[in-house]
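Q:
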Amino acid sequence: MIRGLALRSLCSLRVANLVEYLVGPLGLGLKDSNSYVRMVAAIGVLKLYHISVSTCVDADFPAMLKHLMLHDPDAQVVANCLSALQEIWSLEASSSEEASRDRETLLSKPVIYYLLNRMKEFSEWAQCLVLELVVKYVPSESSEIFDIMNLLEDRLQHANGAVVLATIKLFLQLTLSMTDVHQQVYERIKAPLLTLVSSGSPEQSYAVLSHLHLLVMRAPMLFSSDYKHFYCQYNEPFYVKKLKLEMLTAVANESNTYEIVTELCEYAANVDIPIARESIRAVGKIALQQYDVNAIVDRLLQFLEMEKDYVTAETLVLVKDLLRKYPQWSHDCIAVVGNISTKNIQEPKAKAALIWMLGEYSQDMHDAPYILESLIDNWDDEHSAEVRLHLLTAVLKCFFKRPPETQKALGAALAAGLVDFHQYNVSVAERVVNPPKQAVSVFADTQNSEIKDRIFDEFNTLSVVYQKGQNLQITLFQLRGLEANDKDLLLGTSEKEESRGPINNGSEYSAPMYDGSSVSMAASQTQAELTISNPTLPAHASSLAIDDLLGLGLPVASTPVPSPPPLKLNAKAGLDPGTFQQKWRQLPIASSQEYSLSPQGVVALTAPQALLRHMQGHSIHCIASGGKSPNFKFFFFAQKAEESSTFLVECIINTSSSKSQIKIKADDQSTSQAFSDLFQSALSKFGMP
Amino acid sequence: MLQCIFLLSDSGEVMLEKQLTGHRVDRSICDWFWEHAISQGDSFKLLPVVASPTHYLFQIVREGITFLACTQVEMPPLMGIEFLCRVADVLSDYLGGLNEDLIKDNFVIVYQLLDEMIDNGFPLTTEPNILREMIAPPNIVSKVLSVVTGNSSNMSNTLPGATASCVPWRTTDLKHSNNEVYVDLVEEMDAIINRDGVLVKCEIFGEVQVNSHLSGLPDLTLSFANPSILNDVSFHPCVRFRPWESHQILSFVPPDGQFKLMSYRVKKLKSTPIYVKPQLTSDAGTCRLNVLVGIRNDPGKTIDSIAVQFQLPPCILSADLTSNHGTVNILANKTCSWSIGRIPKDKAPSMTGTLVLETGLERLNVFPTFQVDFRIMGVALSGLQIDKLDLKNLPTRPYKGFRALTRAGEYEVRSQF
Chain L
1 MIRGLALRSL CSLRVANLVE YLVGPLGLGL KDSNSYVRMV AAIGVLKLYH ISVSTCVDAD
61 FPAMLKHLML HDPDAQVVAN CLSALQEIWS LEASSSEEAS RDRETLLSKP VIYYLLNRMK
121 EFSEWAQCLV LELVVKYVPS ESSEIFDIMN LLEDRLQHAN GAVVLATIKL FLQLTLSMTD
181 VHQQVYERIK APLLTLVSSG SPEQSYAVLS HLHLLVMRAP MLFSSDYKHF YCQYNEPFYV
241 KKLKLEMLTA VANESNTYEI VTELCEYAAN VDIPIARESI RAVGKIALQQ YDVNAIVDRL
301 LQFLEMEKDY VTAETLVLVK DLLRKYPQWS HDCIAVVGNI STKNIQEPKA KAALIWMLGE
361 YSQDMHDAPY ILESLIDNWD DEHSAEVRLH LLTAVLKCFF KRPPETQKAL GAALAAGLVD
421 FHQYNVSVAE RVVNPPKQAV SVFADTQNSE IKDRIFDEFN TLSVVYQKGQ NLQITLFQLR
481 GLEANDKDLL LGTSEKEESR GPINNGSEYS APMYDGSSVS MAASQTQAEL TISNPTLPAH
541 ASSLAIDDLL GLGLPVASTP VPSPPPLKLN AKAGLDPGTF QQKWRQLPIA SSQEYSLSPQ
601 GVVALTAPQA LLRHMQGHSI HCIASGGKSP NFKFFFFAQK AEESSTFLVE CIINTSSSKS
661 QIKIKADDQS TSQAFSDLFQ SALSKFGMP
Chain S
1 MLQCIFLLSD SGEVMLEKQL TGHRVDRSIC DWFWEHAISQ GDSFKLLPVV ASPTHYLFQI
61 VREGITFLAC TQVEMPPLMG IEFLCRVADV LSDYLGGLNE DLIKDNFVIV YQLLDEMIDN
121 GFPLTTEPNI LREMIAPPNI VSKVLSVVTG NSSNMSNTLP GATASCVPWR TTDLKHSNNE
181 VYVDLVEEMD AIINRDGVLV KCEIFGEVQV NSHLSGLPDL TLSFANPSIL NDVSFHPCVR
241 FRPWESHQIL SFVPPDGQFK LMSYRVKKLK STPIYVKPQL TSDAGTCRLN VLVGIRNDPG
301 KTIDSIAVQF QLPPCILSAD LTSNHGTVNI LANKTCSWSI GRIPKDKAPS MTGTLVLETG
361 LERLNVFPTF QVDFRIMGVA LSGLQIDKLD LKNLPTRPYK GFRALTRAGE YEVRSQF
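The listed protein sequences derive, respectively, from chains L and S. Per UniProt numbering, the first sequence starts with residue 1, numbered consecutively. Per UniProt numbering, the second sequence starts with residue 1, numbered consecutively.
#1: Please return the same chain residues whose Cβ sits closer than 7 Å to the Cβ of Asn-324 (chain S), not counting the five positions on each side in sequence.
#2: Please say whether Tyr-411 (chain S) and Asp-196 (chain S) have beta carbons closer to each other than 8 Å?
#3: Which residues in chain S sit within 8 Å of Cys-128 (chain L), going by Cβ to Cβ distance?
#4: Are any of the Cβ atoms in chain S nearer than 8 Å to that of Ser-83 (chain L)?
#5: Given a cut-off of 8 Å on the beta-carbon distance, is the pair Ala-99 (chain L) and Val-45 (chain L) in contact?
#6: Going by DSSP, what residue range makes up the beta strand (DSSP E) through Pro-278 (chain S)?
#7: Which residues, in chain order, does the stretch 55-80 of chain L contribute to contact with chain S at a C-beta distance below 9 Å?
#8: How many Å lie between Phe-370 (chain S) and Tyr-234 (chain L) at the Cα?
#9: Return the chain-ordered list of same chain residues with a C-beta closer than 7 Å to the C-beta of Ala-590 (chain L), the five sequence neighbours on each side being excluded.
#10: Give the straight-line distance between the Cα atoms of Ile-376 (chain S) and Gly-294 (chain S), rounded to the nearest whole angstrom.
#11: Please classify Gly-506 (chain L): does DSSP put it in a helix, a strand, or coil?
#12: Ignore the nearest five residues each way along the sequence and tell me which others in Ala-682 (chain L)'s own chain have a CB closer than 7 Å to its CB.
#13: What did DSSP end up calling Ser-11 (chain S) once you bin it into helix, strand or coil?
#14: Pop quiz: Met-1 (chain S) and Thr-71 (chain S) are said to be a contact at Cβ under 8 Å. What is the actual Cβ separation, rounded to whole angstroms?
#15: Who pairs with Arg-102 (chain L) in a beta bridge, going by DSSP?
#16: Ends of the beta strand (DSSP E) at Gly-401 (chain S)?
#17: Where does Cys-238 (chain S) sit, in a helix, a strand or coil, going by DSSP?
#18: For Glu-650 (chain L), which option in L:Arg-585, L:Leu-26, L:Leu-322 and L:Ile-286 has the closest C-alpha, if you only look at C-alpha atoms?
#19: If we ignore side chains and look at the alpha-carbon of each, how far apart do Phe-367 (chain S) and Ile-303 (chain S) end up?
#20: Taking the straight line between their C-alpha atoms, what separation do you get for Cys-4 (chain S) and Ile-103 (chain S)?
#21: Please work out which residues of its chain come closer than 6 Å, Cβ to Cβ, to Thr-352 (chain S), disregarding the five sequence neighbours upstream and downstream, and give them in chain order.
#22: Which residue's Cα is closest to the Cα of Gln-248 (chain S): S:Val-61, S:Pro-227, S:Gln-258 and S:Val-233?
#23: The stretch 199-223 of chain S: which residues have C-beta closer than 9 Å to a C-beta of chain L, in chain order?
#24: Going by C-alpha to C-alpha distance, which of S:Asp-320, S:Gln-279 and S:Pro-255 sits closest to Gly-216 (chain S)?
#25: As a quick exercise: from S:Leu-405, S:Arg-242 and S:Met-75, pick the residue whose alpha carbon is nearest that of Asp-154 (chain L).
#26: What are the boundary residues of the beta strand (DSSP E) that Glu-347 (chain L) is part of?
#27: If you draw a straight line from the alpha carbon of Ser-177 (chain S) to that of Thr-125 (chain S), how long is it in whole angstroms?
#28: Could you check what DSSP says for Ser-205 (chain L) in three-state terms: helix, strand or coil?
#29: Quick check on Ile-43 (chain L) - is its C-beta less than 8 Å from some C-beta in chain S?
#30: Quick check on the DSSP output: the alpha helix (DSSP H) that includes Leu-48 (chain L) runs from which residue to which?
#31: Lys-18 (chain S) by DSSP, collapsed to three states: which one?
#32: Can you name the residues of chain S whose CB is closer than 9 Å to the CB of Gln-204 (chain L)?
#33: Grouping DSSP H, G and I as helix and E and B as strand, with all else coil, what is Tyr-234 (chain L)?
#34: Taking C-beta pairs closer than 7 Å, name the residues in chain S that Asp-677 (chain L) reaches, listed in chain order.
#35: Is the Cβ-Cβ distance between Glu-207 (chain S) and Ser-263 (chain S) less than 8 Å?
#36: What is the DSSP secondary structure of Phe-370 (chain S), counted as helix, strand or coil?
As structure tokens, then:
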């Protein structure tokens, strides 16, 4: 005992100078007659390795550990050797071939079998360690798989949750390729998991529950008979309840929908507001899965009569979604919805939903126009853009169905809408007139399931507990990773520019412009974020688009026109795209302004070329242009007549709002204002005869 | 692999820090954690695994003390949580409770224990029996001794024999003057009764607890009269698996002292021993409450310490409740508890009263959930019965004792109008 303690204390001193005194005792310790000392020494080697790699390897400790691991009679010594070796070898593997080969042998059949056969001797923690190792082992034939599973089946009934989970992970991994056995494994592990949830501390049961959540999401059918386990208890913490609600939603099928929905309705009357909201949403999700909709709609309508503002708000949103999917229920719903006073609803989402329904079913609702009218009277109190938009559309719809009653309201709404029209950009306005009617379908999100699959590989890891992929989490190497990422990004952009370089020569095209449009294209799809976040994608898109843009290639001819006196521009200025980009990046923005175009100019600007020719007339040359009506984007440049000082311009023109945004950069800041005036006057003359 | 363990007091102060590996974990992580915990409001609501900007943190809270473990590498989550739970159990076992003062008084022991329980981030010995032999628990005698002799070490000089034996949970040569073994069936009933009085879910989670004081290396066999009712079981490591699989017999060499031999689950029970019938009627800003309690299925033994507890909804201004049996208390946090004790023979206990609602509210719109508590000595409601207990390998005939106890776990009754 004393020997062991002394050795442990010695090894725990993290002082490099003492290393030489460590080697001797450690060597003796590894050969000590008492297993406790050997056990401490095995870990001591690992500590030594962290202090000084070379001393540890020179003294040949890893080899001694390996010998101990395979031959020591004491299981705890074996386990400690195993953990020490695993860490040393995995750190060493990158530098030495021998270590990585050793690491491979750890996964060989004899070693694995040796460890498995001694399984029962190991302490519970060591069992976890061994099980983790076995997960990495790939059995060569299916009889081996069954051998291992038979051997380890009793581990499922271990009192320690960590052992149980490690075993489950092993079983699932082993049977991944055998579908029918895999199903049996699910059946087998169900009971132990449910027991684990009900035993132990809340922390443990939460961790197990999140694993269960993962399995339920993967195989909801298997758990559909156990739905009662996912009923929430009154005093469980919020996060547990939320997890359970999700599982209840997932396991719902024809046979148990009624019970589950009844249970969920109980929560809606619960004291806990967030849970009540969640459960109403869960009811809606189940309804969208098309089981027993009739009963569910009735329930939802009951919610509306409960007269609690948050319940009503959530329910309204749901009823709207349901109506989109099942229009046949409209009559029942409308009757109830019509009775709701709009004054009680404060949340924008719910309000928008109510207004949508008023508009959509105005022919069935007797007083819809009048409700809408009173809402419009309060237009100014309405701060949410969403509500205003819905209000506009609803009035419009109502107008088409019942013109006489709505005419006045529509006028008021349009007037009110116009007042704050400037607040919205065109795309929003477009949405007002032409609202997207996305179909409400089952919420099957492919990306989500992908993450689930990936997490599944990480069963029994930390990521499960908070449901994120491993790569989304912080690791030791996060900092390094971030740097690498940055570098990638930089590389990505410079590559992008390089790849653009050769094609660009002679053609007037610059990538940033197309980036913009590709983003807007992507934005119409749901995966906008993906596209934007991926730096290589726009580059790819741009190279594809170049062919198109070459079609817009610009005329070379230039007609020099006498420039206005204060600032003379070189009419035959030349600048290659590479220099332009370089300068654009380097220079600060000298001025950034917004002009409105003359109406004639807007009319003339049907294609980018027209403006280019016009500007060239003013000795302002275009280096790149693109876009489609109503949005155009141009990059111009100009040179001073006497010197080589250049001006760079980015000009975005929107023909529908007749606005142009101009950013000017200049070598010589002092003259930038003069140039800006010049540019503006040139622009304003555009379209004039 | 855990890198560091911190013990925080209920004010967020770091009481104890144990670095486990070469990579030092800075104390500032605790500040981060504490701020996080406070910003989350109720620290009870914090998840057991938190990702801080630099580390993963495992946390469990026991009696106001937060056990915090840090790691930077991926590891099985339950290993961390389970280990912290063990640490908490062992500490409270050693110190006879858990609080700030006890830990501060016994720093040395806590560090010694942690040293034995975990080395370089790998859990080692967590069996309380063995730890007890390596590190003597604090008691008055040892304190006096250490003061008198100046010898402050309470580490034993000899190693526990069990670390080398094939039954690591038991020391090899134990001697008790009177040999005795007690087997307790402790069951908890979880039930949900919905607003229509229908039993939605009823389940029993039970444990077989054994307290053994037996000399030598005894071999015990425990069999049940009706093992088929058990839905799922999990065992202490000492239980041999094969006899259970073939004959549903528990065969084991027990550790010394109190331990949990087996836990089990019995589901789909059809009835509950008592009924609780809440009735609420609202009228013009007040609500009448009436709760009736009575025996539904007589289990044959007396039902003890019955209590009904519920949270008054926030929209209630004041409550006036009386009962014809037992006492009613309304606490400051609007928790109302009615302790009944035993149900008298001649009358059915009831609690009646009025709740005054917030002005403007016509009727109650949230329904409280009633949590019911009870204890029944001498009966296991699941119906599980111990058939016999055989002891082998013993010098003298030991005394055998059996007990059973059922208590309410999460027993909920939902109310309605």
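C-beta: ideal position from N, C-alpha, C; glycine also.
A: To lay it out plainly:
#1: Lys-347, Pro-349 and Ser-350
#2: no
#3: Pro-76 and Met-79
#4: yes
#5: no
#6: 274-283
#7: Pro-73, Asp-74, Ala-75, Gln-76, Ala-79 and Asn-80
#8: 9 Å
#9: Ile-664, Lys-665, Ala-666, Gln-669 and Ser-672
#10: 14 Å
#11: Per-residue confidence for Gly-506 (chain L) stands at a pLDDT of 34, beneath the threshold of 50, marking its modelled position as unreliable; the derived number appears in the next sentence. Coil, per DSSP.
#12: Met-615, His-618 and Ile-620
#13: coil
#14: 6 Å
#15: It is worth fixing the name first, because residue 102 (chain L) is Asp in this sequence and not Arg. Answer by DSSP bridge pairing: none, since Asp-102 (chain L) is not bridged.
#16: 399-414
#17: coil
#18: L:Arg-585
#19: 27 Å
#20: 18 Å
#21: Asn-290
#22: S:Pro-227
#23: Val-200, Lys-201, Glu-203, Phe-205 and Glu-207
#24: S:Pro-255
#25: S:Arg-242
#26: No beta strand (DSSP E) holds Glu-347 (chain L); DSSP gives it neither H nor E.
#27: 28 Å
#28: helix
#29: yes
#30: 35-51
#31: strand
#32: Pro-48, Ile-60, Leu-78, Ile-81, Glu-82 and Cys-85
#33: coil
#34: Per Cβ cutoff of 7 Å: no residues; Asp-677 (chain L) is ~51 Å from chain S at best.
#35: yes
#36: strand
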